[in-house]
Amino acid sequence: MKKRQTYPKLEYLFYSAAGFMLIALLLNLYNIHQYINSLVQAKQLVIAQQPVKVIIAYLEVTLPYAFYAMSLFGFGYIIAYFKKPEKFSVEKQDSIKKTSHPIEDDDEDIDAFLLKNRK
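The sequence shown begins at 5 in the numbering used here and counts up one residue at a time.
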């Protein structure tokens, strides 16, 4: 029987939620831009006199969505990182066995060294 391939659904859920947050960020950025333009056109706000107020308005609206998007993407990345199957092939296992020294050889070398340097 053919093995059914499973897809990691949880990280895709986090990635899609991060995408929605980015879309919400862009929509809110456009909305605050339109609002500030309407205040400028109504002569209720002069950007040159109150630049800090304008910057704070932009940051106040966009930073939460940017934080949420980065956090959700980070959670998805962390979940995907820990779900990775460990790729430990038979070839690697054989190469480790070939390069490792038997314990007896190491003990004999240490015994010979100690006998040679005995006072």
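Even for Gly, the Cβ is constructed at its ideal location relative to N, Cα and C. A quick note: this is a predicted structure, and the numbers were derived from the prediction, not measured.
Run through DSSP, which three-state label would residue 88 get?
By 1-based counting over the sequence shown, the position of residue 88 is 84. Residue 88: coil per DSSP, three-state reduction.
Pairing CB atoms from the stretch 69–84 with CB atoms from the stretch 10–24, are three or more of them under 8 Å?
In short, these stretches touch, since the Cβ pair count reaches three.
According to the Cβ coordinates, are residue 29 and residue 70 closer than 7 Å?
One-based indexing of the sequence shown puts residue 29 at position 25. One-based indexing of the sequence shown puts residue 70 at position 66. A contact, by the Cβ cut-off of 7 Å.
Buried or exposed, going by whether 16 or more other CB atoms sit within 10 Å of the CB of residue 18?
As a working mapping, residue 18 is identified with position 14 in the sequence shown. Residue 18 comes out buried.
Classify residue 50 as helix, strand or coil using the three-state DSSP reduction.
Taking the sequence shown and counting its residues from 1, one reaches residue 50 at position 46. Three-state DSSP puts residue 50 in coil, outside helix and strand.
Would you tell me roughly how many angstroms separate the C-alpha atoms of residue 53 and residue 62, rounded to the nearest one?
Indexing the sequence shown from 1 puts residue 53 at position 49. Indexing the sequence shown from 1 puts residue 62 at position 58. Cα to Cα, residue 53 sits roughly 16 Å from residue 62.
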